[in-house]
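One structure is given below, encoded as structure tokens.
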Amino acid sequence: MSVLVVVAHPDLAQSRVNKALKEALSSTSVEVNDLYALYPDFKINVACEQDKLVKAKHIVLQFPMFWYSCPSLLKKYFDDVLTYGFAYGSKGKALEGKGFSLAISMGAREGDFQGKFSLESVLTPFRAISHFIGTKYAKPFLTYNTGNLSDTALKAQTQAYQEWIKGLA
């Protein structure tokens with residue numbers, strides 16, 4: 002497996018944007034890992050998830066931004082899966098050197114992130130996670146103003162997502 006896309010949306014069936022982005026991946030060769038479909042009870046199969054991460058060359062986390070962060074199951078995924086001795090620590094080198102990217106959708110417009118609350122500053126915890134586990138953080142794929150995207154703009158965004166994903170492989 003070259004690219005693993007970990008999708009974390011608590012109600013993907015009702016999501017217009019993340020659902021379309023996930024569906025756009027069906028025409029690519031990536032593995033898609035829908036956390037909320039797999040673990041509605043929040044009981045993550047840690048060994049299975051770690052195995053997927055080991056097999057991937059590039060890890061993409063796809064999620065909607067909620068309150069300047071990620072959905073709760075993705076946070077739990079970090080806590081449960083990226084463990085000492087696996088993802089960090091003196092013997093935790095399983096993810097070292099792999100690519101690490103974010104694919105984030107948000108209701109905010111691009112110009113809404115300015116000053117000390119720039120998007121770069123909001124994404125600092127994710128860059129820090131990438132650094133801590135030894136992965137190579139790459140430029141994120143961003144979808145802004147999701148509540149106002151026209152069908153045409155959404156289609157263009159899904160096509161751009163496919164191309165972006167193909168570029169990671």
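Following my numbering, the numbering of the sequence shown begins with 2 at its first residue and continues without gaps.
Even glycine gets a Cβ: it sits at the ideal position worked out from N, Cα and C.
Between residue 43 and residue 74, what straight-line distance do the alpha-carbon atoms span, to the nearest angstrom? 7 Å
According to DSSP, is residue 12 part of a helix, a strand, or is it coil? coil
Taking the C-alpha atoms as reference points, what is the distance between residue 58 and residue 30? 13 Å
Which ranges would you report for the alpha helix (DSSP H) in the stretch 32-72 if only whole runs of at least 4 residues count? Segments of the alpha helix (DSSP H) lying fully in the stretch 32-72: 36-39 and 47-56.
Please go through the same chain and pick out, in chain order, the residues whose beta-carbon is closer than 6 Å to the beta-carbon of residue 139, but skip the five residues on each side of it. 100 and 102
Considering only C-alpha positions, which residue in the set 27, 26 and 141 is nearest to residue 123? 141
Residue 162, DSSP secondary structure in three states: helix
Measuring alpha carbon to alpha carbon, tell me which residue in 28, 60 and 11 is nearest residue 39. Of the candidates 28, 60 and 11, the one whose C-alpha sits nearest the C-alpha of residue 39 is 11.
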